[in-house]
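J.: Numbering (our numbering), first residue to last: 1 to 314. Here it is, the structure in full.
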Ligand code: COA
Ligand code: ZN
């Protein structure tokens with residue numbers, strides 16, 4: 001049996017947080033359902049941020065509630081603080097994705113507080129979540145933004161990333177994601193840092209990758225992460241994305257291309273690429289003025305392409 005790689009869709013959060021055009025709620029749901037029909041099992045459906053700050057997510061409650069009605073889907077949501085965690089937990093979201101930047105400058109820009117304050121807030125969130133009965137408690141993920149460099153501060157030392165990972169692990173998260181927020185990473189840095197962080201946090205915490213393709217190395221970085229044992233990847237349909245509070249940020253790695261890479265390397269994703277590519281039509285309709293990315297969508301699957309689980313492409 002082929003080993004599993006989980007490709008998580010973040011287009012409905014990272015993909016659209018930097019886009020002024022508000023995607024109507026019904027289209028967000030159609031997008032989620034189309035990806036679920038293609039086999040995607042984990043979707044970050046919204047962000048519990050102040051609606052005044054990002055009007056794109058003014059419908060976060062409704063999107064979450066409706067997404068939770070879709071059987072077998074893991075519904076995740078981003079939250080920047082305890083208030084966001086309370087909003088998500090009240091709805092019964094399956095995973096809460098917190099974010100702290102390793103770079104002090106990006107953290108200040110993004111969440112208007114120091115990294116020390118963000119880590120203290122994570123501690124409060126972990127304590128709050130413990131008050132929820134275990135069977136209803138959302139999993140807690142902490143993304144470490146700018147782990148591979150920052151457009152405000154430049155180089156981010158690996159030692160500092162490892163130290164943040166250790167502190168976050170000690171607080172008691174279920175998952176950590178190393179994020180290349182602005183596409184400074186390269187395959188060597190990916191291999192080195194994921195290996196060091198895995199060693200530092202032990203085997204019980206999921207270690208996920210969140211990459212942006214700003215300088216064209218996104219897919220190479222995924223391959224490098226797979227090499228060192230990473231099996232959970234965030235990605236965005238059509239390669240939309242970017243942090244509104246990180247200068248120069250661009251789109252995430254493309255979900256379709258990551259699935260293609262994983263399957264071509266012999267890992268099962270459970271995802272049907274033709275159905276996934278067809279789901280792009282919804283994004284096109286919702287955001288007609290946005291540039292959409294993706295090589296598999298452009299070129300099609302290779303003739304005779306077989307999935308890792310031996311399914312043949314139509
Ligand atoms: N959801 C809804 N409302 C929230 C909120 C949340 N998660 N967090 C704070 N608020 C409200 C407060 O209640 C307060 O409302 P009021 O003015 O009516 O009293 C107001 O927002 C300001 O609250 P405050 O705690 O002072 O927040 P802030 O203005 O310092 O902003 C963050 C801090 C973290 C909320 C904001 O910077 C943020 O959301 N950043 C996220 C950026 C992001 O999404 N980046 C991309 C993903 S990494
Ligand atoms: Zn991102």
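Even for Gly, the Cβ is constructed at its ideal location relative to N, Cα and C. Predicted model only: the values in this text are computed from it and were never measured.
Identify every run of the beta strand (DSSP E) within the stretch 5 to 37, keeping only runs that are complete inside it and at least 3 residues long; order them along the chain.
T.: Complete beta strand (DSSP E) runs here, min 3: 6 to 9.
J.: Just how far apart, CA to CA, sit residue 214 and residue 235?
T.: If I take the Cα positions, the gap works out to 13 Å.
J.: Can you tell me whether residue 3 is helix, strand or coil according to DSSP?
T.: Of the three classes helix, strand and coil, the one that applies to residue 3 here is coil, per DSSP.
J.: Just the Cα atoms here: how many angstroms apart are residue 160 and residue 102?
T.: Rounded to whole angstroms, residue 160 to residue 102 spans 7 Å at the Cα level.
J.: So which of 198, 276 and 143 has the shortest CA-CA distance to residue 229?
T.: Out of 198, 276 and 143, 198 has the C-alpha closest to the C-alpha of residue 229.
J.: What is the DSSP secondary structure of residue 65, counted as helix, strand or coil?
T.: Correct three-state label for residue 65: helix.
J.: Can you look up residue 166 in the DSSP assignment and give me helix, strand or coil?
T.: Helix.
J.: Inspect the CB distances between the stretch 271 to 290 and the stretch 180 to 189 and report whether three or more fall short of 8 Å.
T.: Segments in contact, no.
J.: Can you tell me the Cβ-Cβ gap for residue 239 and residue 292, rounded? I've got them flagged as a contact below 8 Å.
T.: About 7 Å; that satisfies the 8 Å criterion.
J.: For residue 191 and residue 66, what's the separation of their Cα atoms in angstroms?
T.: About 38 Å.
J.: Could you pull the DSSP bridge partners for residue 154 from this structure?
T.: Bridge partners of residue 154: 150.
J.: Is residue 56 near the ligand COA, going by C-beta to nearest heavy atom under 7 Å?
T.: Not under cutoff, so the answer is no.
J.: Let's test the definition: count the other Cβ atoms within 10 Å of the Cβ of residue 284 and tell me whether it reaches 16, buried, or not, exposed.
T.: Classification of residue 284: exposed, given that the 10 Å Cβ count is below 16.
J.: So for residue 252, helix, strand or coil by DSSP?
T.: Strand.
J.: Would the beta-carbon of residue 137 be found less than 7 Å away from any heavy atom of the ligand COA?
T.: No, the Cβ of residue 137 stays beyond 7 Å of every heavy atom of the ligand COA.
J.: Nearest-angstrom Cα distance between residue 227 and residue 211?
T.: Cα to Cα, residue 227 sits roughly 15 Å from residue 211.
J.: Among 80, 34 and 98, which has the Cα closest to the Cα of residue 70?
T.: Considering only alpha carbons, the answer is 34.
J.: Go ahead and pull the three-state DSSP assignment for residue 70.
T.: The answer is coil: DSSP assigns residue 70 none of H, G, I, E or B.
J.: Give the range of the alpha helix (DSSP H) segment to which residue 227 is assigned.
T.: From DSSP, the alpha helix (DSSP H) with residue 227 extends over 218 to 227.
J.: Rounded to whole angstroms, what is the Cα-Cα separation between residue 207 and residue 282?
T.: Their backbone Cα atoms lie some 31 Å apart in a straight line.
J.: Does at least one heavy atom of the ligand COA sit under 7 Å from the Cβ of residue 105?
T.: Outside the cutoff, so no.
J.: Does residue 135 come out as helix, strand or coil in the three-state DSSP assignment?
T.: Residue 135: helix per DSSP, three-state reduction.
J.: Out of 112, 201, 237 and 298, which one is the CA nearest neighbour of residue 38?
T.: Closest by alpha carbon: 237.
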